[in-house]
Amino acid sequence: MSTRNRKYDSGAEKRKKKQRLETAIQSQKGALERFIVRETAHANVIEADTPAAQVLQGDNALEFDIEAPAAEIPEGGHDDGTANGGDDGDQDHDNGTANGGDDGDQEHDNGTANGGDDGNISNHINNSFQPDIFDPRTWNALDSKMIYILLQKGPKRDLSIKYGPRDRFGRRFSASSYNRILPNRETCDREWLVYSKDLDKVFCFCCKLIKKGLVRGQLANEGFNDWTHLGHRLKEHETSREHVTNMTAWYDLRLMFQNDQTIDNVAQRELQKEREHWRKVLQRIILIVKYLAEHNIAFRGSNSRLYQDHNGNFLGLVQMLAEFDPVIKEHVDRITNDKIRDHYLGPSIQNELINLLATAIRSAIIAKVKEAKYFSVLLDCTPDASHQEQMSLIIRYVDTTSGSVQESFLGFLEVSDTTGQGLFDVLLEELKDLDLDVDNVRGQGYDNGSNMKGKHQGVQNKLLDINPRAFYSACGCHSLNLTLCDMAKSCRKATEFFGVIQRIYTTFANSTKRWQILKDNISGLTLKSLSSTRWESRVDSVKAIRFQIPEII
Amino acid sequence: VAESDNDPLASSEAKSLAENELGGFEFLVSIIIWYEILSKINLVSKQLQSKDMLIDIAIESVQGLISFFKKYRETGYSKALEAAKEIALEMDIHPEFRKRRNIKRKRQFDEGADDDSSESRSADELFRIDYFIPIVDQAISSLTRRFEQYQGYERKFGFLFTSDRLRSLDDTSLMAACVNLENALKSGEQKDIDANELFEELNFIRNLLKESMGPLDILKFLKERPFYPNAIIAYRILLTIPVTVASAERSFSKLKLLKSYLRSTMTQERLNGLATIALEIDVLEKINYEDIIEAFISTNTRRMMLFHGM
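Below is the structure:
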């Protein structure tokens, strides 16, 4: 027995060495596909708590009572259960199933089959085209990644093996052990049961691979070949707590990878996940930009780092979202841990996103305008906070889908030359940029400034020169305003009147104390200042006094 | 009022204001007149500022304003006087205009007696003539002058404004209006509509239209029956004509918010982008974010690697 063991061990080591080499070669060939698991199609229900009374049933309707083989084989040591005598009978069958075993493999197997009896050689040949992770002999040497893959793929079962070689008691492994028979005579596949032809031993797949610490029992360690007690032992094992725990772990793992059957897919999946993550991050950043822009809130502060003071509304919102949203939280975590360099929170990205959003809007509007064909331009100028003259361009058109009139903003144009010619040039340039045809202008609306509506040099006249159908209309509101202006200036007393109103206001407004007196005396409307340009706003100031004269005095 | 103030200048000013200006009956009358006028104009102005203002409504309301002033010129003054008297009683003010002392001048021997007329006029009559009438007259004349243009539009498009107007026209005047419009919409060889066809179409349409439909309703009505191409074009052009530049002013209010004192160094590009988003948020709502993300990714190969996992 000891010599056998010695011989056998050295053989296994040799084989392992070869196998490793083989795996490397084969993986280079990309032949991993050949190790696709031949999954059994049985329902994989393991009911660990079902007690005893099991009848093992053969796959191919060969029914065996568990007692039958047990009675056949006399009791004996399980160690030396390796093939003898009865192997010859199996040999033919094994050779028949040795499909596609290439010469190289055969060679290797022959080389490794040292000292073993002849009967084993054929077994080796049979297994030789899969010197791979599915061989229980290699399991002890597997690294965690391989175990991972193996667990994912599940055990490989060669269904062609009906019987193992007889041991010295005439007992042998039978494929019927793969099935567990429940008390109601239903059969249930023991998916975890692995028979190694080379070793002529059975293993528990999950217990051997997932075992934590020292687990007792040959099924989880060096293998079990006491065929006499196999039935009893299997029953005992599948109801044990360790086994159930390991089974659960294994199934969980398999569920996780149910959709990913190749190693490539796992990587693919990870990339996919990463892509999704980035998309989600980007979407949230876009929404933040949209929110801030919609509400005219400043984006940046004086600091551009996350989780520092004065870092502005944009980063502030990101921080806030990170409190609630797992995607942003993940993103922020990566940034704070310096894991990624592209955080997409910088000012240039903001500008880019703003630009993209604006471009999208603009092109949507332009598409609508083009559909409507006819449009009119509305222009107005004002100086801004940085003392730049800004001209805003607005297009009025009939929305063909909804049939309503729309006035859409298309942008501010910076103008340096505010004469009619200057404005006109800028306008033409912009219309060209926007790909709108000047010939389709059917109206123009400006304020009543002379550079706009001037009869000879105004923008309106210049536009009319190239497109006589661009009807010009002055702004109605401006006209009304100017009418009021005319009225107020028409007589001295009227001018005086507004002067008085303004004086009343200034008298009170100049000091907070006086304003307090006013507030004590009146309720409701307060005095308003006069605006020199918007005359209709004077109605407010007049109204305040009109209804509260008694209180004011 | 401001007697409690320490500042002598302010207290004296307040006193003079209270006694001489606010206390005067003249002030009361004028404040009532102005309030009437301003609130009326404010109403029209607000109306004009709405985003989908149409030219026909604008013309209508301006004409309404002019007729208001014409009426006000006749009746407004006495009403204002009444109201002013009420307030004056409440405030213990004598409801009389301050009379200017008649300057007694030595009469030359060759002067007639007829120049007493100015003296014979009562003070409130004087106020009416010097103050109220000029203001209202100015209003009317200035309104008509400034909205002259609208008259031009009405001549060209007026017959299209409402379904009622379309119906009231007889064939010859409708034809004339169509030819008129064709000429207006002609530039060189190009023309937008054909008068004869438009005439035929309108002839059909006007019998189909319900009463008191505005141009927008008519256009919608026509949209469902797309076999009146000329009419549709005519209405589209009519609706395209701008009334106010209120939208532009609206954009300036955004500009003021965006490019404020603290944010004055913004680039034109960013400013434009922000303003566009802020003003056209409705359009943005309809845009698919995926498209934007794709656009963002495709600008840069590094992003392609990140997002497409290459």
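If you're matching them up, the sequences are chains W and Y in order.
For what it's worth, the working numbering labels the leading residue of the first sequence as 585, then goes sequentially.
For what it's worth, the working numbering labels the leading residue of the second sequence as 5, then goes sequentially.
Note that beta-carbon positions come from the ideal geometry of N, C-alpha and C, so glycine has one too.
- Using beta-carbon distances, residue 162 of chain Y does not count as an interface residue toward chain W, since no partner is under 8 angstroms.
- Judged by beta-carbon spacing, residue 941 of chain W lies beyond the 8 angstroms limit of residue 865 of chain W, meaning their Cβ atoms are not closer than that value.
- Only those residues of the stretch 176-200 of chain Y whose C-beta falls short of 8 angstroms from the nearest C-beta of chain W are listed: 188, 189, 190, 191, 194, 196.
- A distance of 8 angstroms or more separates the beta carbons of residue 757 of chain W and residue 782 of chain W.
- Straight across, the Cα-Cα distance linking residue 900 of chain W with residue 890 of chain W is about 8 angstroms.
- Around the Cβ of residue 309 of chain Y, a 10 Å sphere holds fewer than 16 other Cβ atoms; the residue is exposed.
- Under the three-state reduction of DSSP output, residue 909 of chain W falls in the coil class, being neither helix nor strand.
- Listed in chain order, the positions of the stretch 941-954 of chain W with a beta carbon within less than 7 angstroms of a beta carbon of chain Y are 941, 942, 944, 945, 946, 948, 949.
- Taking C-alpha positions only, residue 892 of chain W is separated from residue 986 of chain W by approximately 48 angstroms.
- In the three-state DSSP reduction, residue 923 of chain W falls in the coil class, being neither helix nor strand.
- Neighbourhood of residue 980 of chain W in chain Y, by CB distance below 7 angstroms: 244, 246, in chain order.
- DSSP lists W:1030 as the beta-bridge partner residues of residue 1058 of chain W.
- By the Cβ-count criterion, residue 16 of chain Y is exposed, with fewer than 16 other Cβ atoms from all chains shown falling within 10 Å of its own Cβ.
- Residues of chain W whose Cβ lies closer than 7 angstroms to the Cβ of residue 293 of chain Y are, in chain order, 867, 870.
- Against chain W, the CB of residue 282 of chain Y has a partner CB under 8 angstroms away; the residue lies at that interface.
- For the pair residue 1003 of chain W and residue 965 of chain W, the CB atoms are not nearer than the 8 angstroms cut-off.
- Remark: C-beta atoms of residue 262 of chain Y and residue 1045 of chain W do not approach each other more closely than 8 angstroms.
- For residue 195 of chain Y, the secondary structure class from DSSP, reduced to helix, strand or coil, is strand.
- It is roughly 21 angstroms from the alpha-carbon of residue 1080 of chain W to the alpha-carbon of residue 91 of chain Y.
- With a contact defined as Cβ atoms closer than 8 angstroms, residue 197 of chain Y and residue 232 of chain Y miss out at about 11 angstroms.
- Contact annotation: residue 1059 of chain W and residue 140 of chain Y have beta-carbon atoms that are not nearer than 8 angstroms.
- For residue 1053 of chain W, the CB contacts under 7 angstroms within the same chain, skipping 5 residues up- and downstream, are 1026 in chain order.
- Our two residues, residue 983 of chain W and residue 242 of chain Y, have alpha carbons roughly 13 angstroms apart in a direct line.
- Here the alpha carbons of residue 903 of chain W and residue 924 of chain W stand approximately 17 angstroms from one another.
- A contact is defined here as three or more CB-CB pairs under 8 angstroms, and the stretch 1005-1017 of chain W fails this definition with respect to the stretch 945-957 of chain W.
- Its Cα nearest to that of residue 87 of chain Y, the residue Y:37 stands out among Y:220, Y:37, Y:268.
- Taking C-alpha positions only, residue 744 of chain W is separated from residue 760 of chain W by approximately 12 angstroms.
- At a Cβ-Cβ threshold of 8 angstroms, residue 219 of chain Y and residue 980 of chain W do not count as neighbours.
- Among the CB atoms of chain W, one or more fall inside 8 angstroms of the CB of residue 240 of chain Y.
- Not a single C-beta of chain W is nearer than 8 angstroms to the C-beta of residue 80 of chain Y.
- Under the three-pair Cβ rule at 8 angstroms, the stretch 991-999 of chain W does not count as touching the stretch 1022-1041 of chain W.
- Setting aside the 5 residues that flank it on each side, residue 868 of chain W is surrounded in the same chain by 912, each with a C-beta closer than 6 angstroms to its C-beta; the list follows chain order.
- For residue 1002 of chain W, there are no neighbours in chain Y by C-beta distance under 8 angstroms, as the nearest C-beta there is about 15 angstroms away.
- Along the stretch 988-1018 of chain W, going in chain order, the ones with a CB nearer than 8 angstroms to a CB of chain Y are 988, 989, 990, 991, 992, 993, 994, 995, 996, 998.
- With 16 or more other Cβ atoms from the protein chains shown falling within 10 Å of its own Cβ, residue 749 of chain W counts as buried.
- For residue 1047 of chain W, not one C-beta of chain Y is nearer than 8 angstroms to its own C-beta.
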